[in-house]
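Written out below as structure tokens is the structure these notes cover.
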Amino acid sequence: MRMRRHHQQDEDTGIDLTPMLDVVFIMLIFFIVTSSFIKESGVEVQRPQAQTASPQDKGNILIAITADGQVWLDKQVVDVRSVRAHVERLRVDQPDGAVVVQADQDARTGLVVQVMDQARLAGVQDVALAASSGAL
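Heads up: the sequence shown begins at 126 in the numbering used here, then just goes up one per residue.
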């Protein structure tokens, strides 16, 4: 009687995905660390138009002022007297960040000046007033 030889493979053939997963996790960590998170105001306003308006790259903290006098910061309504404390708290994460005030075109000028003053008292040197670009 003749004996047959059976060849058994000791290892299963397959693709090892471990190096690919390592690369994906390293890329994920890289993108999380290098991303810049923008604190949004939480409300849309009708910004006034200006011919000289230019985009600002460094707007990290957005403060919105509505036509009816509400001040929005970090998606919540805040009192104008607490703007300074909120900006100081938000600047802990990004100390070099700028503040952009998005005032509605019908907002009171005095309230806009108060908000900008509170941001400056919080230690922010770059306080900008947002406007839409276009013809007046």
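Virtual Cβ for every residue (Gly too), placed ideally from N, Cα, C.
| Asked | Found |
| --- | --- |
| Limits of the alpha helix (DSSP H) - the one that L153 falls within | T143 to T159 |
| Residues that Q239 bridges to, as DSSP identifies them | Partner(s): none; Q239 has no beta bridge. |
| Helix, strand or coil at A255 according to DSSP, with G and I counted as helix | coil |
| Cβ contact check for the segment 230-248 and the segment 204-212: 3 or more pairs under 8 Å | yes |
| Candidates G235, P220 and N185: closest to V196 by CA position | G235 |
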